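**Q** First the structure, then my questions, so here it is.
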Amino acid sequence: QDFLCLSVLELMKVTGQSYYGVQKLLCKVSRACAPKMQTAYEMKLSKSVNPSSAFLSTTLHSLDKVLHGGVPCGSLTEITSPPGCGKTQFCIMMSVLATLPVSMGGLDGAVTYIDTESAFSAERLIEIAGNRFPTYFDSDEKLFCMTRSVHLYRELTCGSVLKRIMSLEEEIISKKVKLIIIDSIASVVRKEFDTKLQGNLAERSNFLARGASVLKYLAEEFSIPV
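Throughout the sequence shown, residue numbering follows full-length UniProt numbering, covering 1 to 226 in sequence.
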């Protein structure tokens, strides 16, 4: 994909190939990057091989029942509510769950947490982990390992959020990220875009569309919940 983002002239300089050589390379790389055709049956079959791996359980029975198993892997999930209803608390709890071993219903991986409101609390993360799973988090060492697996980024503008989203693919691979959380997209959009002003609606829609497109690709490509 990085290859496809370069211009023909840039590729000629990097590869040392002629114009026609670069065109052939572009065709090969495009075919390699293009999603392979998949029938609806194959898609259903791939998700039914191991149903437990298709969801990250919230450990809240009623909510898991409504969600048909938990927060789905491979797609985007949006949580909405009036202010003060516990969205950030839920996100922090899901961060703990994602770091748990698979045998405990977790994803045994790291978490990328993009905080746009400076609402994340490391103390609350440790408190939730200790209260929900006192037997597993029975030592400071385990709590330390868990906190090291949650990578926090404070991005307070739409531009910085989008830039961070664009860089996530490398982080997912290098840090073995299994859950991406953005808390919250609505916050930065409200701060920067007044829809009453001419042109703002189009800019806001463009920002949301670009961000959602990349996040959807990452969720599907790596089969992780976002």
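Glycine included, every Cβ here is placed at the ideal spot set by N, Cα and C. Computed from a predicted model, the values in this text were never measured in an experiment.
Report yes if the CB atom of Val8 is closer than 8 Å to the CB atom of Val29, and no otherwise.
**A** The residue given as residue 8 occupies position 8 in the sequence shown. The residue given as residue 29 occupies position 29 in the sequence shown. No, the Cβ-Cβ distance between Val8 and Val29 is not below 8 Å.
**Q** Using a C-beta cutoff of 8 Å, does Ser75 count as contacting chain B?
**A** Note that chain B does not occur in the displayed structure, where there is just one protein chain.
**Q** Please state if the CB of Thr59 and the CB of Gly16 are separated by a distance shorter than 8 Å.
**A** If you number the sequence shown from 1, residue 16 lands on position 16. If you number the sequence shown from 1, residue 59 lands on position 59. Contact flag unset, no.
**Q** Does the segment 207-219 come within contact of the segment 135-155, defined as at least 3 CB pairs closer than 8 Å?
**A** Because the criterion of three Cβ pairs below 8 Å is not met, the segment 207-219 and the segment 135-155 do not touch.
**Q** Thinking C-beta only, is Ser223 closer than 8 Å to Gly74?
**A** Within the sequence shown, residue 74 is the residue found at index 74, counting from 1. Within the sequence shown, residue 223 is the residue found at index 223, counting from 1. Against a cut-off of 8 Å, the Cβ pair of Ser223 and Gly74 comes out as a contact.
**Q** Just how far apart, CA to CA, sit residue 266 and Tyr20?
**A** Because the chain is modelled from 1 through 226, residue 266 falls outside the range shown and cannot be assessed.
**Q** State buried or exposed for Gly84, treating a residue as buried only when at least 16 other CB atoms are found within 10 Å of its CB.
**A** Translated into positions along the sequence shown, residue 84 becomes position 84. Exposed is the call here.
**Q** Starting from residue 310, follow its DSSP beta bridges and name the residues at the other end.
**A** Look at the range of the chain in this structure, 1 to 226, and you will see that residue 310 is not part of it.
**Q** Using three-state DSSP, classify Phe120 as helix, strand or coil.
**A** Residue 120 sits at position 120 when you count from the first residue of the sequence shown. If DSSP states are grouped into helix, strand and coil, Phe120 belongs with coil.
**Q** On the three-pair Cβ rule with 8 Å, is the segment 174-191 touching the segment 123-143?
**A** Taking 8 Å as the limit for Cβ pairs, the verdict is that the segment 123-143 does not touch the segment 174-191.
**Q** Thr99: which of Ser81, Lys175, Met166 sits nearest, CA to CA?
**A** The residue given as residue 99 occupies position 99 in the sequence shown. Of the listed residues, the one whose Cα sits closest to Thr99 is Lys175.
**Q** If we ignore side chains and look at the alpha-carbon of each, how far apart do Pro101 and Asn131 end up?
**A** Indexing the sequence shown from 1 puts residue 101 at position 101. Indexing the sequence shown from 1 puts residue 131 at position 131. Distance between the alpha carbons of Pro101 and Asn131 is about 17 Å.
**Q** Who pairs with Pro72 in a beta bridge, going by DSSP?
**A** In the sequence shown, counting from the first residue as 1, residue 72 sits at position 72. For Pro72, which the question treats as bridged, DSSP gives the partners Phe55.
**Q** Can you find the residues in the same chain that come closer than 8 Å, C-beta to C-beta, to Ser18, ignoring five residues on each side of it along the sequence?
**A** Along the sequence shown, read from residue 1 onward, the residue named residue 18 stands at position 18. Once the five neighbours on either side are set aside, the close Cβ partners of Ser18 are Met12.
**Q** Could you compute how far the alpha carbon of Val214 sits from the alpha carbon of Met166?
**A** Position 214 of the sequence shown, counted from the start, is the residue given in the question as residue 214. Position 166 of the sequence shown, counted from the start, is the residue given in the question as residue 166. Between Val214 and Met166, the C-alpha separation is close to 7 Å.
**Q** Looking at the strands, I want to know which residues DSSP matches up with Asp194.
**A** Along the sequence shown, read from residue 1 onward, the residue named residue 194 stands at position 194. For Asp194, which the question treats as bridged, DSSP gives no partner whatsoever.
**Q** By the three-class DSSP mapping on this structure, what secondary structure does Val177 have?
**A** Working through the sequence shown from its first residue, we reach residue 177 at position 177. Strand, per DSSP.
**Q** Glu171 to Ala40, Cα distance in whole Å?
**A** Taking the sequence shown and counting its residues from 1, the one referred to as residue 171 is at position 171. Taking the sequence shown and counting its residues from 1, the one referred to as residue 40 is at position 40. Their backbone Cα atoms lie some 31 Å apart in a straight line.
**Q** By how many angstroms is the C-alpha of Val96 removed from the C-alpha of Arg124?
**A** Numbered from 1 along the sequence shown, position 124 holds the residue referred to as residue 124. Numbered from 1 along the sequence shown, position 96 holds the residue referred to as residue 96. Approximately 11 Å between the Cα atoms of the pair.
**Q** Less than 8 Å separating the beta-carbons of Thr157 and Val189?
**A** Taking the first residue of the sequence shown as 1, we reach residue 157 at position 157. Taking the first residue of the sequence shown as 1, we reach residue 189 at position 189. No, they are not a contact pair.
**Q** My output table needs one value for Asp183: the three-state DSSP class, helix, strand or coil.
**A** Start at 1 with the first residue of the sequence shown, and residue 183 comes out as number 183. Three-state DSSP puts Asp183 in a strand.
**Q** At what residues does the alpha helix (DSSP H) containing Thr80 begin and finish?
**A** One-based indexing of the sequence shown puts residue 80 at position 80. Thr80 -> no alpha helix (DSSP H), and no H or E assigned at all.
**Q** Tell me, to the nearest whole angstrom, how far the beta carbon of Leu107 is from that of Ala212; I am working on the premise that it is less than 8 Å.
**A** Reading the sequence shown from its first residue, position 107 is the one you call residue 107. Reading the sequence shown from its first residue, position 212 is the one you call residue 212. Their Cβ separation, rounded to whole angstroms, is 22 Å, which puts Leu107 and Ala212 out of contact at 8 Å.
**Q** In three-state terms, what does DSSP make of Phe207?
**A** By one-based count along the sequence shown, residue 207 stands at place 207. Residue state, collapsed to three classes: helix.
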